[in-house]
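Under numbering that gives the first Met the number 0, the residues of the sequence shown are numbered 0 to 318, in order.
Note sheet for the following structure.
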Amino acid sequence: MSDSNHTSTSFFLTGLPGLEAVHTWLSIPLCAMYVASLAGNSLILWVVRSEPSLHQPMYYFLSMLAVTDLGLSAFTLPTMLPIYMLGLREVTVDVCLAQLFFIHTFSIMESSVLLTMAFDRFVAISNPLRYGTILTSPRIASLGLAIVVRSIGLHIPAPIMLKKLPYCQNRLLSHSYCLHPDVMKLACADTHINSAYGLFVVLFTLGVDSVLIVLSYALILETVLSIASKAEQLKALNTCVSHICAVLLFYTPTIGLSMIHRFARQASPSSRVLLSYLHYLTPPLLNPIVYTVKTKQIRLRMLRLFQRNRTSNREKEHN
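Okay, structure coming up:
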């Protein structure tokens, strides 16, 4: 092993394998996704902040989801766009490690927020009269702080451990952004400790969160079925549709990617890359759309705020 292997200062990212000839064209929808995700989630935050009637637990959790989606967009797409637009694939080790830390941190934050939103729906349906007294503002703030501490604390060791590893001459990553398993595979050393730690983090976060979300909906369904009126049952379940869509958008690509790695190892690299894109890019893009379409309060407040701003602009023009 040469000294250069120990002092590698950069990695090389990868676009969609086999589609290098159309990377420039692919940059157009990627740019559109980036702008749409930033605009959509920022709009959600603006509407919730501007409307006092939306200062309720459900919308506070929705704001947390928008913040995590903004974080995922901010740390994934900026390295993807130079690859597709300019062909710039090189990234320094320090930047790569910082990126994987933030991507995994915001991904776990999103999973944690989806779990708290499931708990919010359970409390709202099973005990609506005490909803406001159970989910008070201090408790919501404590939940938010716990989510941040949990996500950051679990991922601080990952880049530190990767930084200490020597890397081989092959420094080509499999994705357009840095991920922990992808970087770990390039090391020229024993990575069993890194692999075990990564598995522990996944099981303790995504694994536990997904089980608790399923349990929450089992309890929600039990509560809904105990309601006599079918109309009330549908009304109660309708309040969960947006959250169910957000859960499916987040967890379905993850499950699909895991199944491919374990049972379809001959699958093309493009299929794995596309599933990875679905996991990290579609939730920030589609969550604001889903909540705007399915949540009447958000939709009405957006229309009201836009009409108010339009009226004030007209008054300024007349003056």
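Just so you know, even glycine gets a beta-carbon here, dropped at the ideal spot from N, CA and C.
As the structure is a prediction and not an experimental result, all values here were calculated from the model.
May I ask whether a heavy atom of the ligand FMN can be found less than 6 Å away from the beta carbon of I159?
Judged by which ligands are present, the structure shown has none, so any question about the ligand FMN falls away.
Given 8 Å as the limit, is there contact between the region 143-153 and the region 94-108, that is, 3 or more CB pairs closer than that?
Cβ pair count under 8 Å is three or more, so yes.
Distance, Cα to Cα, N4 vs P268?
Taking the sequence shown and counting its residues from 1, the one referred to as residue 4 is at position 5. Taking the sequence shown and counting its residues from 1, the one referred to as residue 268 is at position 269. Caution is warranted here: a pLDDT of 42 is assigned to N4, below 50, making its placement in the model unreliable, and no coordinate value can be reported.
How many whole angstroms separate the CB atoms of H174 and T67, which I take to be in contact at a CB cut-off of 8 Å?
What you label residue 174 is simply residue 175 of the sequence shown in a count that begins at 1. What you label residue 67 is simply residue 68 of the sequence shown in a count that begins at 1. Contact flag wrong, Cβ pair sits at about 20 Å.
Assign Q55 to one of two classes, buried (16 or more other C-beta atoms within 10 Å of its C-beta) or exposed (fewer than that).
The residue labelled residue 55 in the question sits at position 56 within the sequence shown. Classification of Q55: buried, given that the 10 Å Cβ count is 16 or more.
Taking a contact to mean a Cβ-Cβ separation below 7 Å, would you say Y279 touches T75 in this structure?
Here residue 279 refers to the residue found at position 280 when the sequence shown is read from its first residue. Here residue 75 refers to the residue found at position 76 when the sequence shown is read from its first residue. The answer is yes: Cβ separation under 7 Å.
Are S125 and T204 close, meaning C-beta to C-beta below 7 Å?
If you number the sequence shown from 1, residue 125 lands on position 126. If you number the sequence shown from 1, residue 204 lands on position 205. It is not a contact, given that the beta carbons lie outside the stated cut-off.
Could you give the DSSP three-state label for Y290: helix, strand or coil?
For this step, residue 290 is matched to residue 291 along the sequence shown. Helix.
For A188, which of helix, strand or coil comes out of DSSP?
For the purposes of this step, residue 188 is taken as the residue at position 189 of the sequence shown. DSSP places A188 in coil when its eight states are reduced to three.
Name the residue from S225, L42, Y290, M160 whose alpha carbon lies nearest to the alpha carbon of A195.
Locating residue 195 in the sequence shown gives position 196, counting from the first residue. Comparing Cα positions, the closest option is M160.
From P156 to H191, what does the alpha carbon distance come to, in whole angstroms?
Looking up residue 156 in the sequence shown gives position 157. Looking up residue 191 in the sequence shown gives position 192. Their Cα atoms are separated by approximately 15 Å.
With contact counted as at least three CB pairs below 8 Å, one residue from each stretch, are the region 166-185 and the region 92-101 in contact?
yes
Under DSSP, the beta strand (DSSP E) around T91 begins and ends at which residues?
Along the sequence shown, read from residue 1 onward, the residue named residue 91 stands at position 92. First-last of the beta strand (DSSP E) with T91: 89-91.
So the beta strand (DSSP E) F203 belongs to, where does it begin and stop?
Translated into positions along the sequence shown, residue 203 becomes position 204. No residue range can be given for F203, since it is assigned to no beta strand (DSSP E) and is classified by DSSP as neither H nor E.
Rounding to the nearest angstrom, what Cα-Cα distance links Q168 and N193 in this structure?
Position 169 of the sequence shown, counting from 1, holds the residue named residue 168. Position 194 of the sequence shown, counting from 1, holds the residue named residue 193. Their Cα atoms are separated by approximately 20 Å.
Going along the chain, which residues of its own chain have a beta-carbon closer than 7 Å to the beta-carbon of S241, five neighbours each way excluded?
Here the question's residue 241 lines up with position 242 in the sequence shown. So the list reads V289, Y290, K293, T294, once near-sequence residues are dropped.
Thinking just about the alpha-carbon of each residue, which of R300, C177, L113 is nearest to the one in C239?
To locate residue 239, count along the sequence shown from 1; it is residue 240. Nearest to C239 by alpha-carbon distance, out of R300, C177, L113, is L113.
Using a Cβ-Cβ cutoff of less than 7 Å, which residues in the same chain neighbour S1 once the five nearest sequence positions on both sides are dropped?
Here the question's residue 1 lines up with position 2 in the sequence shown. The predicted model places S1 with a pLDDT of 41, which falls under 50 and marks its position as unreliable, so this point remains unresolved.
Measuring alpha carbon to alpha carbon, tell me which of S41, L29, V46, S36 ends up nearest Q306.
Taking the first residue of the sequence shown as position 1, residue 306 is located at position 307. Closest by alpha carbon: V46.
Buried or exposed: where does T6 fall if 16 or more other Cβ atoms within 10 Å of its Cβ makes it buried?
As a working mapping, residue 6 is identified with position 7 in the sequence shown. The predicted position of T6 is uncertain, since its pLDDT is 45 and thus under 50; a value taken from the coordinates is nonetheless stated next. By the 10 Å Cβ count, T6 comes out exposed.
Take I133 and list the residues in its own chain whose beta-carbon comes closer than 8 Å to its own, dropping the five residues that flank it on each side.
By 1-based counting over the sequence shown, the position of residue 133 is 134. Cβ neighbours of I133 beyond the five flanking positions: V122, N126.
Within 10 angstroms of its Cβ, does G131 collect 16 or more other Cβ (buried), or is it exposed?
Counted from its first residue, the sequence shown places residue 131 at position 132. An exposed status is given to G131, since fewer than 16 other beta-carbon atoms sit within 10 Å of its beta-carbon.
Counting only runs that start and end within the region 69-152, where is the alpha helix (DSSP H) found for 4 or more residues in a row?
92-125, 130-133
Distance check for A65 and L211, CA to CA, integer angstroms please.
If you number the sequence shown from 1, residue 211 lands on position 212. If you number the sequence shown from 1, residue 65 lands on position 66. Cα to Cα, L211 sits roughly 21 Å from A65.
Nearest-angstrom Cα distance between T115 and G143?
The residue given as residue 115 occupies position 116 in the sequence shown. The residue given as residue 143 occupies position 144 in the sequence shown. Looking at the two C-alpha atoms, the distance is approximately 9 Å.
According to DSSP, is L12 part of a helix, a strand, or is it coil?
As a first step, residue 12 is located in the sequence shown; it is residue number 13 there, counting from the start. Coil at L12, not helix or strand.
Run the CB neighbour count on R48, radius 10 Å, all protein chains shown included, and call it buried at 16 or more, exposed below.
Working through the sequence shown from its first residue, we reach residue 48 at position 49. The residue in question, R48, is exposed, as its Cβ has fewer than 16 Cβ neighbours within 10 Å.
For A38, count neighbouring C-beta atoms within 10 Å of its own C-beta (all shown protein chains included) and say buried if the count is 16 or more, exposed if not.
To locate residue 38, count along the sequence shown from 1; it is residue 39. Exposed.
Counting only the same chain and skipping the five closest in sequence on each side, list residues whose C-beta sits under 8 Å from that of L53.
In the sequence shown, counting from the first residue as 1, residue 53 sits at position 54. Scanning its chain for C-beta atoms nearer than 8 Å, with the 5 sequence neighbours on each side dropped, one finds around L53 the residues V46, V47, Q296, I297, R300, in chain order.
Which residue's Cα is closest to the Cα of I219: L285, I254, A117, L247?
Within the sequence shown, residue 219 is the residue found at index 220, counting from 1. The shortest C-alpha separation from I219 is found at A117.
Count the other CB atoms within 10 Å of the CB of L61; is the residue buried (16 or more) or exposed (fewer)?
As a first step, residue 61 must be located in the sequence shown, where it is residue number 62. By the neighbour-count rule (16 or more Cβ atoms within 10 Å), L61 is buried.
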